[in-house]
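Worksheet for the structure shown next.
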């Protein structure tokens, strides 16, 4: 009995599995004889399926690796990976899951421009934690030196809890808005809608990226 996490077992009989592009570890599957496509959605079918050497493959969108015992381990989702200008890959999910445990972080959404060499984070600070330090949220939003101090604290927290240097946010934008399903910034399952969050703060992000 396998009690480890993220391992999904070996391919079942009749199922072919192939890792694509080792740098990212993306994998595809074929459930012989013929995976067809996405019902009544030719655009999605063209995006998710491809043919090679007479075999039709489905792109799962997962990042995986094969373990020594032949078991597939799911590492991440491809859409949550971004490549920095220096060639390093960053997992948004990994960074956010670690930094969400930082006491001063109530919520966080990360973003990276592939032309830049660092990660950017949008953070909703924990007001209670701020008050315990005698800091008002309004002051944090206005005071650049205070923002830099708290940003450094968050990044250092990440480094102490599993992030490597290039994964720690190089810049952080602090905001006071709530992210809810009603305003479209998170899903009903409380997952961040990254594109929508970016669009909401796009001007501020681009200004800080200068």
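In our numbering, the protein residues as written are 998 to 1207. Every residue gets a Cβ at the ideal spot worked out from N, C-alpha and C, and that includes glycine.
In the three-state scheme derived from DSSP, where H, G and I count as helix and E and B as strand, residue 1088 is classed as strand. By alpha-carbon distance to residue 1056, the top candidate from 1129, 1016, 1090, 1080 is 1016.
Boundaries of the beta strand (DSSP E) around residue 1049: 1046-1049. Assigned with DSSP and collapsed to three states, residue 1039 falls in helix. When the alpha-carbon of residue 1120 is set against those of 1198, 1206, 1204, the nearest one is in 1198.
For residue 1171, the uninterrupted beta strand (DSSP E) run begins and ends at 1166-1171, by DSSP. For residue 1128, the enclosing alpha helix (DSSP H) starts and ends at 1124-1129.
Rounded to the nearest angstrom, the Cβ distance from residue 1087 to residue 1081 is 6 Å, consistent with a contact under 8 Å.
Contact between residue 1151 and residue 1126 fails: their C-beta atoms lie close to 11 Å from each other, not under 8 Å.
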